[in-house]
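Here is the structure we will look at.
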Amino acid sequence: MEDVGIYRDRFVPRLVDVACGMKANEPLRERVCSGLSGRVIEPGFGSGLNVPFYPAAVTSVTAVEPADLGWKLAAGRLAAARVPVDRAGLDGQRLPFPENSFDTALSTWTMCTIPDIDAALAELRRVLVPGGTLHFVEHGLAPDPKVQRWQHRLDPLQQRIAGGCHLNRDIVAIIRAGGFEISELDVFKGRGPAFIDSQSLGVASSA
Ligand SMILES: C[S@@+](CC[C@H](N)C(=O)[O-])C[C@H]1O[C@@H](n2cnc3c(N)ncnc32)[C@H](O)[C@@H]1O
């Protein structure tokens, strides 16, 4: 069990930094961040790969990230940040903030990993102002049933090597079931294999 902890704490955040830090993701980060404004909450902040893409309308960012190493790897990006970024929470499933604390929320490739994603969405709805928006880009269940079968098969392995990441979550359905209304949505396949690169990018309202 000790080895699992070491792998999760010392290796996974580096793997995430490299895999999620691919150049190909940058246009997606730019798109998903473009509508953010005011006080932003970012569960699964990771190593701060979105920091260069926060638009001028953002006044502050509250990072919620359990991995200390992820936060350390963010140091360079944080030093260059144009807005104040604080790490003020460790678990998106239980947010230590009162109702109506944030104007917008950002989630990039994180809803695959938070164990109880329904609880995390309920928390986001609670801390967002009425009508506040969740801006997301996430990989998840592919539309093609053949690909889905592989996703279900490979999911246990993926969880082990990628820090609890699920391949087969139906992110759009999960967001809707969480009480969010999706106002913008683009579902597409990225450049990688469909089982890991079936993407949903959009905006959902907490109203
Ligand atoms: C695949 S990474 C994505 C990181 C970052 N959002 C990005 O785009 O580069 C998923 C992140 O979710 C974080 N995470 C895992 N469980 C979490 C939880 N319960 N609450 C908040 N974040 C969590 C992981 O530590 C990791 O940094």
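Just so we're aligned: 190 in my numbering is position 168 of the sequence shown, and the numbers increase by one with no gaps anywhere. Each residue gets a CB set at the ideal place from its N, CA and C atoms; glycine is no exception.
query                                                                                        : result
Heavy atom of ligand 1 within 8 Å of A81 beta-carbon                                         : Before going further, note that residue 81 is Thr rather than Ala in the sequence given. The answer is no for T81.
Local conformation of P120 per DSSP, three classes                                           : coil
Supposed contact pair Q115 and A142 - C-beta distance, whole angstroms, cut 8 Å              : 5 Å
Secondary structure of D166, DSSP reduced to three states                                    : coil
Contact test: P74 Cβ vs ligand 1 heavy atom, cutoff 8 Å                                      : no
Residues sharing a beta bridge with Q221, DSSP                                               : H161, F210
8 Å Cβ shell around E121 - same chain, five flanking residues per side excluded              : R148, V149
The alpha helix (DSSP H) enclosing D192, as first and last residue numbers                   : No alpha helix (DSSP H) holds D192; DSSP gives it neither H nor E.
DSSP three-state assignment for I63, whether helix, strand or coil                           : strand
Bounding residues of the beta strand (DSSP E) (the contiguous stretch that carries G92)      : Looking at the DSSP string, G92 is not in any beta strand (DSSP E); the run it does join, the alpha helix (DSSP H), is 90–95.
Inter-residue Cα distance where the pair is V105 and R61                                     : 10 Å
Straight-line gap, N72 to C55 (C-alpha atoms, nearest Å)                                     : 8 Å
D108 - DSSP class collapsed to helix/strand/coil                                             : strand
Meets three-Cβ-pair contact criterion under 8 Å: the stretch 196–216 and the stretch 176–186 : no
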